[in-house]
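For reference, the structure discussed in these notes is given below.
Protein chains in written order, with UniProt numbering: chain A, 1 to 342; chain B, 1 to 342.
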């Protein structure tokens, strides 16, 4: 067969604020690949089906000299993130053509992988859409599942406040907290998102662009658990309205990713209220919770016990836009890029 | 015997910034007491020997409508804090004249107590000065001892940064960390304090009024443990220079007690560096560590294994000044008020 274009999303320049498609990332079709003859050197060839756009990607779009919690992207090279693909050819006995694989993939239509290190073959007995494996049944789902178990110390009758509650992590936390018998206060950035979060069973849901978080928490709190995806003003409001011995799960800080963010004024209450703030990355919790997660969550999603929504863009050429909208909070549900059908 | 004056330090008004002796607190001698005939109603009469001035007292000097971690002082009534006294008369079989008692006492020369609830009879086999029991062998010592064991997870070769390192808590932390084989970076507010902290064995000690904390930590860090007595800029510098999985022991926040304090800019690093911040009050840790503390610490102080310094004011009429200087950091060592000799 003749070589085909191997579209890629390249990291082109460090954004000063939000990442700009066509400027800070560029979709490129200059590379070609011969799917029949590309050498595999004992590895395997994958056709990318789904890629994920997640808030943390912004932290990779930086000067590599600046330290951060994730490696910087390299200019001129494809950005990378979690994805699912189908194996087209394999020279590795552990995996065969037709198998599906999840891993940290470069944003390319076709990729060759030397071995299974860092990847996982997905059985998907539950026949979930493959995109679920970068969302509710993927890294965001693992984040919610593992950290809720590790840090929240959920107690019936207590109150939790969840930010970014319509996102893939927040929407699971709302459902976990609800199942644990907690009062759930949740915020989201549009009325449409608010309606979805209400449908998940949250007790109090508000659009933080229309209603001040501090006012809602003053009325509905104090809060025993704060699930922080955003930082800044929400964190301040949570501190001001925290109960004694509150647990703050510091999961993300999107208000600080695309600029300086708002300084936090209320840290002085931490010792007096005996609050613990747990900063974490999901990778540290996977050795403890990873296998339980795959045993439990896809099945619960398939049964309809756990709900999620997705915001899918079709075509790798739209990946830069998906990333931007994810940073701006314009996505409604988990941001995914459908690169190809099977 | 004729009645004697029973001097008291009264809470007179809520300070707007620092507490002002003669204005926000007033020393008053209008009350008298007849030591021979005052009715005890089954309790006992104590002559106050020592009272303590601690940073947290500022938080009690507020409008009672404002919530905080400690009850507000009542206007017109004596302020109160930890002290040691000697029993003059007793109708309680559990305690007799000549015994020494530690408790949360009103700032008065003589007090009657209904029972031993909240007080502890001090055996003092080690014959420490009584003032030690409100410092290294009292609440500040308990704070350092219990929280170091509970939260620091000290590991040999790691680095700790201690603020207010010449104070009664900080100076113990320097010594505990040193004994645990850590590299100790410490800050204090005068060259005299710096010299004392150096003499305790800290590796790097600086005067934060002359040298920027962030610069020292950038050079000598990253830090694995941060002992926070102050908050604000020091907390920001510690966040910026924290190692992965750092433990922040949030013990106090004096930069926020007498005004708004400096907002914290670097909270966004908490999740990525997987930092845990532990807010606590010593009272929550005493059930676990209290008895070990009294078994271990006074003996180690008596042996000279643990060192401390004291800044003593003689006379209850100077208690308001001791409290002010403590808030301003002008004390050199643990602030105590010697109310009377035995």
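Even for Gly, the Cβ is constructed at its ideal location relative to N, Cα and C.
query                                                                                                                     : result
Test item: CB-CB of residue 249 of chain A and residue 165 of chain A under 8 Å                                           : no
Sequence-distant residues of its chain with Cβ nearer than 8 Å to residue 309 of chain A (five each side left out)        : 166, 171, 196, 332, 333 and 334
7 Å Cβ cut-off: residues of chain A touching residue 270 of chain B                                                       : 250, 277 and 279
Minimum Cβ-Cβ distance from residue 264 of chain A to chain B less than 8 Å                                               : yes
Contacts that residue 51 of chain A makes with chain B (C-beta to C-beta distance below 7 Å)                              : Ordered by position in chain B, no residue passes the 7 Å Cβ test against residue 51 of chain A, which lies about 22 Å from the chain.
Distance, residue 227 of chain A Cα to residue 36 of chain A Cα                                                           : 48 Å
Residue 246 of chain B, enclosing beta strand (DSSP E) - first and last residue                                           : 242-250
Contact under 8 Å by Cβ, residue 69 of chain A with residue 61 of chain A                                                 : no
Rounded separation between residue 301 of chain B and residue 307 of chain B - CA only                                    : 6 Å
Inside the region 57-111 of chain B only - beta strand (DSSP E) runs reaching at least 3 residues                         : 80-90 and 100-106
Rounded separation between residue 56 of chain A and residue 284 of chain A - CA only                                     : 16 Å
Cα-Cα separation between residue 202 of chain A and residue 174 of chain A, rounded to whole angstroms                    : 6 Å
Under 9 Å by beta carbon: chain B residues contacting residue 267 of chain A                                              : 231, 232, 235, 250, 253, 256, 261, 263, 264, 267 and 277
Closest residue to residue 162 of chain B among B:200, B:47, B:125 and B:133 (Cα-Cα distance)                             : B:200
Alpha-carbon to alpha-carbon, residue 265 of chain A and residue 232 of chain B                                           : 9 Å
Buried/exposed call for residue 118 of chain A, threshold 16 Cβ in 10 Å                                                   : exposed
For residue 120 of chain B: DSSP bridge partner residues                                                                  : B:102
Residue-level contact to chain B via CB, residue 284 of chain A, 8 Å cutoff                                               : yes
Residue 58 of chain B burial status per 10 Å Cβ neighbour count (16 or more: buried)                                      : buried
Alpha-carbon to alpha-carbon, residue 237 of chain A and residue 371 of chain A                                           : Since the first residue of chain A shown is 1 and the last is 342, residue 371 of chain A is not available in this structure.
Interface flag, residue 73 of chain B vs chain A, CB-CB below 8 Å                                                         : no
Chain A contact residues for residue 349 of chain B, given Cβ-Cβ distances below 7 Å                                      : What is shown of chain B runs 1 to 342, which leaves residue 349 of chain B out entirely.
Residue 51 of chain A vs residue 81 of chain A beta-carbon contact at 8 Å                                                 : yes
Endpoints, beta strand (DSSP E) assigned at residue 300 of chain B                                                        : First-last for residue 300 of chain B: 282-302, but that is the alpha helix (DSSP H), not the beta strand (DSSP E).
Separation of residue 253 of chain B from residue 234 of chain A, as counted between CA atoms                             : 21 Å
8 Å contact criterion, which residue 269 of chain B and residue 239 of chain B should meet: CB distance rounded           : 5 Å
Those runs of the alpha helix (DSSP H) which lie wholly inside the region 168-229 of chain B and span at least 4 residues : 168-179, 191-199 and 213-220
Straight-line Cα distance separating residue 183 of chain B from residue 208 of chain B                                   : 18 Å
Closest by C-alpha distance to residue 178 of chain B, when choosing among B:219, B:189, B:190 and B:225                  : B:225
CB of residue 336 of chain A within 8 Å of CB of residue 131 of chain A, strictly                                         : yes
Beta strand (DSSP E) segment containing residue 276 of chain A, residue limits                                            : 276-279
As assigned by DSSP and simplified to three states, the class of residue 54 of chain B                                    : coil
Host alpha helix (DSSP H) of residue 270 of chain B (start-end)                                                           : 269-272
Beta-carbon gap between residue 280 of chain B and residue 274 of chain A smaller than 8 Å                                : yes
In DSSP terms, what residue 311 of chain B is bridged to                                                                  : B:335
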